[in-house]
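Residue numbers (our numbering), protein chains in the order written: chain A, 1 to 252; chain B, 253 to 649.
Below is one structure, written out as C-alpha cells; comments come after it.
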Amino acid sequence: MPDYKVEVKNLDLFYGDFQALKKINFTAEPNTVTAFIGPSGCGKSTLLRMFNRMNDLIDGVHFTGEVYIDGNDIFAKNIDVDNLRKTVGMVFQKPNPFPKSIFENVAYGLRVNGVSDKHFIEKKVIDSIKKAALWDEVKDKLKKSAMELSGGQQQRLCIARALAVEPALILMDEPASALDPISTGKIEDLIFELKNQYSIIIVTHNMQQAGRVSDYTAFFYMGELVEWNKTKTIFTSPDDIRTQNYITGRFG
Amino acid sequence: MKPVKRIIEKTAKGVLFTSSMVTSVTVLLVVIFLFREGIGLFNQTSVEKHLVIAVNSANRVSALSSTEVKSIFNQDITNWKEVGGDDIEIAPKTIDDMASLFTEEELGEGFKNLAILIEKYVEENPGVIASIPESYLKKEFKGKLIPLKKISVREFLTGTEWIPTAHPAAVFGAWPLILGTLWVSLGAILLALPIGLITAIYMAEVAGQRLRNILKPVIELLSGIPSVVYGFFGLVVLVPLIQKLFKLDVGETALAGSIVLAIMALPTIITIAEDAIRTTPRALKEASLALGASHFQTLLKVTIPYAKSGIIAAIILGIGRAVGETMAVLMVTGNASVVPHTFLEPVRTIPATIAAELGEAPFGGTHFKALFALGIILFIMTFIFNTLVSTVKTRKP
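Here it is as C-alpha cells:
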C-alpha cells in the first residue's frame, strides 16, 4: 500500500503558451478531504482535472511532471484512461444529470462498464442513492426524469452516480457553488459522511466551506501551490502572507 | 420626442409593416392561385375543348370516363359490353377517320357535307363511337352524344397512366408521378442518411478543430452549386456508369435520380445534424467520460440521444429538399410516367412533370389545370415534411 492516495511531482502545465500550473508538488492521504482554495484562474480546477485526465479533452494542453494515484503513474503508456476515470469519480460545478430517468442516471456508469446483471445494478443504484442521502426524496419516482429534481437533488444524484462505479477517489469541482445554502449544507454533511470510505479532493471558492469539511487545505495563487497543510493550521497560522491575505478577505 | 424623430419612427414602422404585409399576402395569393387553378381540374372532363363523343342512338351506354374513352380509341376495349352496353363490337372513329371514309366529291367543297355524312354514318353503324368537333355536328343530331364523366379526385390520385396528349381524351393519373417522386426521394434519403450522419458525427466529435474549419465551409459550399450542374454531372457521369454497371438499355433511372439528389441533400443533412450534435452540452459528455465511458459509448448513449430531435429535423429537411428538387431529377431519371417497380427503371417525378409539360399545355386548358393539381400534391407533401420538422424541433429532449 503506497503512503499517498495522490502524489504530484514537479508538475508544470500550459494552455498553449500560458502557464497554468507552476512546479506543483502535492500529496493527499487516503480517507481524507483536501480542499483546494484560491482566487479564480489560479489553477486549482486545472490540477483537479489532471487526476482523472479530463484535461486530455482540451486542445493545446501540455505538461511536464508526474501524477501518481495509488502509486501508479496515471500518464504511463499502459494506463487505460477509461478505467482510470472509473476509479477516480468526479462531481462537477453545475449539476449535470443525463436527460434520463433517475434510475438510469445512476445505472449509467455500471452499464458502460459492462455490468449487465439486473439485480446487481438495482442493488447498487439503490445503495448509491442512499449513500448520497437522496433516497427518501426519490424512492417513489426512480423512473421519473432526473431533470424534474431540484438543483440540490440533482447534485446529490450526480454524487450517487459517481459513487455507483465504486471510485476510490472523488474529485469535486465546486460542487455547491450553484446551490442554495440548505442544499449546500446537505452536500457538506454528505462529504463528511463519505470521508470514511473515500478520499476526496474538493475545489471551493467558499472559505467557510473549506474550513467545515476538509482535513487539509491547499492554497493556490497564480498557478502556484503557495502552501498546503492541515486546514486548522492554514486558517489560523499560515506561513505565507498571500495565504493570510486571501483568508482574511483582503483580495480574491 | 422631437417631431422630426417621431415622423422618422412612424415612417420606419410603416415601411416595416407594409413590406411584411405585402410579403405575407403575396405568398398567400400564390397558394390560393395554385389551389384555384388545380382544383378547377375536377370541374371538367378530359376531352379536348369543342370536341364531342357521339354514338348510335340505340346505344345504351349513358356515360364514359376519360380512361374508358382512351382505352376505346386505343382499342384496348373492343366491345360495348365491357363498358355496360350491348354485345356489339366498337368501331372508334376520329374526325380524320371519318373524313377518309368518304370521297372528296361526297364531302363537297370545304367539307360542307361532312356533318350530314357523319350523322348518317353514326346512325347506320350501331357499334360506332366518334369524336367530332362541335362545328361538324349537324343541328338536331340524331345520334346520341355521350357526356364524359368529370375527372374525379380519386381517379386523378390513383390512376396509373399519365397521358396528357391522348386523343380524343387525355388521361391524368398522378399515381406513377407520386410514386416516382417518393421513390426517388426515398432512395436519396437511404443513400444520404448514413453517409450524412457519419460525416456529421465525424465532424462534430472526432475531427480536430483545424480539419473541421476546412471541411465545414467546403460542405456548405456544396449546397451553393446550381442544381442544373448536379444534373449535368449526373447525366454525363452517373447515367453511363449505371448503364454499364447494371447492363441496362438506358441508364436514366430512379437510381441515378436518387444518387444525384443524395449528393444534393448531403450538405443540408450534414450541416444541420452537425450543429445539433454540437449542441450537446460539454458537461454531459464530461459526466459520461468521468464515469469511465469510452468516447464511443458517450457518443452513442449521451451525445446522439441528446441531439436526436435536431438529427431528425436534418433528415426531414433533407427529404423536403429532395422531394421538391426539379432540374437535376428531370435530367437523369428518364421521365417515363410508369409505376416504378425497381430502382433501375426510368421514373418521372412531379416537379419534373410540371417543368417539362407546362410549356406545351395550353393556358387554362385541362392539361394546364392538371399540372396545377400536381402542384397541389407536391405542396401538400412538402407541407407535411415541414410540419414534421417544426413539431420535432419544438419537442424537448
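Beta carbons are placed, not taken as given, at the ideal position from N, Cα and C, and that holds for glycine.
How should Ile182/A be labelled, buried or exposed, when 16 other C-beta atoms within 10 angstroms of its C-beta is the threshold for buried?
-> By the Cβ neighbour-count rule, Ile182/A is exposed, with fewer than 16 other Cβ atoms within 10 Å of its own.
If we call anything under 8 Å between Cβ atoms a contact, is Ser247/B one with Leu513/B?
-> Since the first and last residues shown for chain B are 253 and 649, residue 247/B lies out of range.
Beta-ladder partner(s) of Leu225/A, from DSSP | Answer is Phe220/A.
Indicate whether at least one CB of chain A lies closer than 8 Å to the CB of Leu262/B.
-> A quick correction: the sequence has Lys, not Leu, at residue 262/B. Not one chain A Cβ lies under 8 Å of Lys262/B.
Stretch-stretch touch, CB-based, cutoff 8 Å, three pairs: the stretch 293-313 of chain B with the stretch 619-636 of chain B = Touching, yes.
Does the separation of the CB atoms of Gly570/B and Thr531/B fall below 8 Å?
-> Contact flag unset, no.
Among all the DSSP beta bridges, which residues are the ones paired with Leu467/B?
-> Looking at the DSSP assignment, Leu467/B forms no beta bridge with any residue, so it has no partner.
Please confirm if Pro30/A has its CB atom under 8 Å from at least one CB of chain B.
-> So, not an interface residue.
Using a Cβ cut-off of 8 Å (strictly closer), state whether Ser546/B contacts chain A.
-> True, the Cβ-Cβ gap to chain A drops below 8 Å.
So what does Thr27/A bridge to, in DSSP terms?
-> According to DSSP, which records beta bridges pairwise, Thr27/A is partnered with Glu7/A.
Meets three-Cβ-pair contact criterion under 8 Å: the stretch 55-72 of chain A and the stretch 106-121 of chain A | Taking a cut-off of 8 Å for Cβ pairs, the stretch 55-72 of chain A and the stretch 106-121 of chain A do not touch, as fewer than three such pairs fall below it.
Measuring only between beta-carbons, confirm whether Val6/A sits less than 8 Å from chain B.
-> Chain B contact via Cβ: absent.
What separation, rounded to the nearest whole angstrom, lies between the Cα atoms of Leu467/B and Met54/A?
-> Roughly 27 Å separates the two Cα atoms.
Would you report the Cα separation of Ile529/B and Ile447/B, rounded to the nearest angstrom?
-> If you take the alpha carbons of Ile529/B and Ile447/B, they lie about 15 Å apart.
Please report how far the alpha carbon of Gln313/B lies from the alpha carbon of Gly379/B, in whole angstroms.
-> For the record, residue 313/B in the displayed sequence is Val; it is not Gln. Approximately 11 Å between the Cα atoms of the pair.
Mind checking Phe635/B: buried by the 16 CB within 10 Å criterion, or exposed?
-> Exposed: under 16 other Cβ atoms inside 10 Å.
Just the chain A side, please: which residues come within less than 8 Å of Ala535/B by C-beta, in chain order?
-> Result: Phe92, Lys94, Asn96.
Through-space distance from Pro603/B to Thr433/B, alpha-carbon basis = Straight through space, the alpha carbons of Pro603/B and Thr433/B are spaced by roughly 8 Å.
Figure out for me which residue from Pro167/A, Ala210/A, Gly223/A has the closest Cα to the Cα of Tyr15/A.
-> Of Pro167/A, Ala210/A, Gly223/A, the residue nearest in Cα terms is Gly223/A.
Shorter than 8 Å from the beta carbon of Val112/A to some beta carbon of chain B?
-> For Val112/A, the answer is yes, since a Cβ of chain B falls inside 8 Å of its Cβ.
Just the Cα atoms here: how many angstroms apart are Ile494/B and Ile567/B?
-> If I take the Cα positions, the gap works out to 26 Å.
Three-state secondary structure assigned by DSSP to Asn295/B = Here Asn295/B sits in helix by DSSP.
If you draw a straight line from the alpha carbon of Lys396/B to that of Gly617/B, how long is it in whole angstroms?
-> Spanning the two alpha carbons is a distance of roughly 26 Å.
Answer yes or no: does any C-beta atom of chain B fall closer than 8 Å to that of Met172/A?
-> So no, Met172/A is outside the interface.
Neighbourhood of Asn113/A by C-beta distance below 7 Å, restricted to the same chain and skipping five residues each side | Taken in chain order, the residues that qualify are Lys86, Val165.
When you compare only the Cα positions, how much space is there between Pro649/B and Ser145/A?
-> In this prediction, Pro649/B scores a pLDDT of 48, lower than 50, which makes its location untrustworthy; the coordinate-derived value is nonetheless stated afterwards. Those two C-alpha atoms are separated by around 11 Å.
How many angstroms separate the CA atom of Ile398/B from the CA atom of Val277/B?
-> Taking the straight line joining both Cα atoms gives about 44 Å.
Smallest Cα separation from Asn72/A: which of Leu57/A, Ile58/A, Val88/A?
-> The closest CA to that of Asn72/A, considering only Leu57/A, Ile58/A, Val88/A, is found on Val88/A.
Per DSSP, what kind of secondary structure is Val33/A in: helix, strand or coil?
-> Correct three-state label for Val33/A: strand.
Residues in the stretch 45-73 of chain A with C-beta within 8 Å of chain B's C-beta atoms, listed in sequence order?
-> Hits within the stretch, in order: Asn52, Met54, Leu57, Asp59.
Integer-rounded CB distance, given that Asn52/A should sit under 8 Å from Met90/A | Between the beta-carbon of Met90/A and that of Asn52/A there is about 6 Å, and that keeps the pair under the 8 Å contact cut.
State the DSSP-derived secondary structure class of Phe484/B, mapped to helix, strand or coil.
-> Judged by DSSP in its simplified three-state form, Phe484/B adopts helix.
Could you tell me the boundaries of the beta strand (DSSP E) in which Met172/A lies?
-> Start and end: 169-173.
Cα separation between Val321/B and Val299/B?
-> Each residue's Cα considered, the two are about 9 Å apart.
What's the call for Thr643/B, buried or exposed, on a 16-neighbour Cβ count within 10 Å?
-> Result: exposed.
Cutoff 8 Å: Pro649/B Cβ touching any chain A Cβ = Legend: pLDDT at Pro649/B = 48, less than 50; position of this residue unreliable, value from coordinates given subsequently. Closer than 8 Å to some Cβ of chain A, the Cβ of Pro649/B qualifies, so yes.
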